[in-house]
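**Q** Okay, here's the structure, questions in a sec.
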Amino acid sequence: MYLIDGTTYNTDGVSKEFLWVNNCGFQGGNGDSLAIRRPAGRKDYQIIYLSKGSGFYHLGGCFRQVDAGNIVLYLPGEPQIYEYRTDCPHEAFWIHFTGVGAGQLLQAAGLQGSVISVGVDAAVLELFRRVMREIQRQPDGYQLMCAALLAELIALLGRKQRLAEGPEDPLERVAPAVDYIHDHYQSAIPLEDCAALCQMSKYHFIRQFTALTGSSPHAYQTLLRLQKAQELLADSTLNISEVAAVVGYNNPLYFSRIFKKYVGSPPRDYQIQARNSR
Numbered sequence: 000m001y002l003i004d005g006t007t008y009n010t011d012g013v014s015k016e017f018l019w020v021n022n023c024g025f026q027g028g029n030g031d032s033l034a035i036r037r038p039a040g041r042k043d044y045q046i047i048y049l050s051k052g053s054g055f056y057h058l059g060g061c062f063r064q065v066d067a068g069n070i071v072l073y074l075p076g077e078p079q080i081y082e083y084r085t086d087c088p089h090e091a092f093w094i095h096f097t098g099v100g101a102g103q104l105l106q107a108a109g110l111q112g113s114v115i116s117v118g119v120d121a122a123v124l125e126l127f128r129r130v131m132r133e134i135q136r137q138p139d140g141y142q143l144m145c146a147a148l149l150a151e152l153i154a155l156l157g158r159k160q161r162l163a164e165g166p167e168d169p170l171e172r173v174a175p176a177v178d179y180i181h182d183h184y185q186s187a188i189p190l191e192d193c194a195a196l197c198q199m200s201k202y203h204f205i206r207q208f209t210a211l212t213g214s215s216p217h218a219y220q221t222l223l224r225l226q227k228a229q230e231l232l233a234d235s236t237l238n239i240s241e242v243a244a245v246v247g248y249n250n251p252l253y254f255s256r257i258f259k260k261y262v263g264s265p266p267r268d269y270q271i272q273a274r275n276s277r
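Under numbering that gives the first Met the number 0, the first residue of the sequence shown is numbered 0, with each subsequent residue one higher.
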């Protein structure tokens with residue numbers, strides 16, 4: 000059995016903090032069997048995330064096979080009886096946690112029930128690994144970092160559950176291009192590159208992007224540039240030409256025309272009004 004855990008933590012404590020990680024680890028890797036018997040449960044919460052294979056959990060009076068892409072959620076005091084078998088290779092991440100806000104956070108994320116489908120997701124796996132590293136290395140402030148990572152993990156699991164249960168968000172089709180435009184809005188972005196990120200032809204991508212966002216890719220990028228320009232005009236010491244260059248316009252006059260067209264006033268007037276309103 001391959002096992003990593005944070006042995007420096009109290010593994011079954013109750014904290015008065017809002018959120019507190021007691022332990023986090025990984026089980027699996029070589030097909031060894033493992034049986035856990037906690038008839039009285041634990042004082043804290045536990046989430047088990049199956050990333051590969053299957054585990055067998057005693058739920059509702061009988062053993063139930065739970066496959067990869069699901070989490071098993073145990074509440075405080077709930078019996079924990081489960082096993083991993085040699086004939087069913089597996090990999091499972093687990094985390095024990097407590098805190099006065101733990102139940103509230105689970106409820107806000109919509110994580111209810113014993114077995115919850117969330118899918119196998121690299122971001123979820125990375126959050127587990129980051130908590131494990133914090134516990135193992137114990138850098139300054141690691142307890143607070145573990146609590147923050149746990150909150151992100153619970154929120155992400157709730158999101159993944161909703162995506163697994165409901166229809167696909169149509170915006171996900173063009174999400175790679177949206178992210179790319181946000182990261183590179185100052186630069187010229189070839190439509191072919193955006194289309195390739197979304198695995199679409201150029202013209203199909205333009206139609207999909209426009210239908211789903213309400214703007215063409217070019218207009219979307221322009222709005223991002225002008226949004227950033229408004230922030231810089233209001234809050235920085237940059238002049239008009241410098242702001243134009245920062246957001247991707249080499250010609251200040253062209254920038255001024257575009258700004259007035261979309262915002263309704265020239266950059267200079269906008270800057271004066273924004274600073275006088277403070």
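Glycine residues also receive a C-beta, built at the ideal position from the N, C-alpha and C atoms.
Please look up how many angstroms separate the CB atoms of I94 and F55, rounded, as I've assumed it's under 8 angstroms.
**A** Locating residue 94 in the sequence shown gives position 95, counting from the first residue. Locating residue 55 in the sequence shown gives position 56, counting from the first residue. Actually they do not touch by this definition, with Cβ atoms about 20 angstroms apart.
**Q** What residues in its chain sit with their C-beta under 8 angstroms from that of T7, if we drop five residues either side in the sequence?
**A** Counted from its first residue, the sequence shown places residue 7 at position 8. Its pLDDT being 41, under 50, T7 is placed unreliably in this model, and the value from its coordinates should be taken loosely. Same-chain partners within the cutoff: I134 and Q137.
**Q** Look up D120 in the DSSP assignment and say whether it is helix, strand or coil.
**A** Here residue 120 is taken as the residue at index 121 of the sequence shown, counted from 1. Three-state result, D120: coil.
**Q** Between which two residues does the alpha helix (DSSP H) harbouring L155 extend?
**A** Walking along the sequence shown from the start, residue 155 turns up at place 156. That run of the alpha helix (DSSP H) goes Y141 to E164.
**Q** Would you call the region 158-173 in contact with the region 117-125, where contact means no fewer than 3 C-beta pairs closer than 8 angstroms?
**A** Taking 8 angstroms as the limit for Cβ pairs, the verdict is that the region 117-125 does touch the region 158-173.
**Q** With three or more C-beta pairs closer than 8 angstroms as the rule, is the region 72-91 touching the region 37-50?
**A** yes
**Q** If C23 sits next to V130, beta carbons under 8 angstroms apart, how far is it from one beta carbon to the other, in whole angstroms?
**A** Here residue 23 corresponds to residue number 24 of the sequence shown, with the count starting at 1. Here residue 130 corresponds to residue number 131 of the sequence shown, with the count starting at 1. Contact holds; Cβ gap of about 4 angstroms.
**Q** Output needed for I80: all residues of its chain with C-beta closer than 6 angstroms, excluding positions within five of it in sequence on either side, in chain order.
**A** The count along the sequence shown starts at 1 and reaches residue 80 at position 81. In chain order, R36 and H57 place their CB closer than 6 angstroms to the CB of I80, counting only its own chain and leaving out the 5 sequence neighbours on each side.
**Q** Measure from the alpha carbon of Q272 to the alpha carbon of each residue in Y219, D182 and E230, then state which is nearest.
**A** One-based indexing of the sequence shown puts residue 272 at position 273. The residue with the shortest Cα to Cα distance from Q272 is E230.
**Q** Under the rule that 16 or more other beta-carbon atoms within 10 Å means buried, what is K159, buried or exposed?
**A** In the sequence shown, counting from the first residue as 1, residue 159 sits at position 160. K159 counts as buried, since at least 16 other C-beta atoms from the protein chains shown sit within 10 angstroms of its C-beta.
**Q** Identify whether G102 lies in helix, strand or coil by the three-state DSSP scheme.
**A** Looking up residue 102 in the sequence shown gives position 103. Of the three classes helix, strand and coil, the one that applies to G102 here is helix, per DSSP.
**Q** Contact between the region 218-233 and the region 177-193 is defined here as three or more beta-carbon pairs at a separation below 8 angstroms; is this criterion met?
**A** yes
**Q** Quick check on DSSP: helix, strand or coil for E77?
**A** Sequence index remark: in the sequence shown, residue 77 carries index 78 (1-based). Three-state result, E77: coil.
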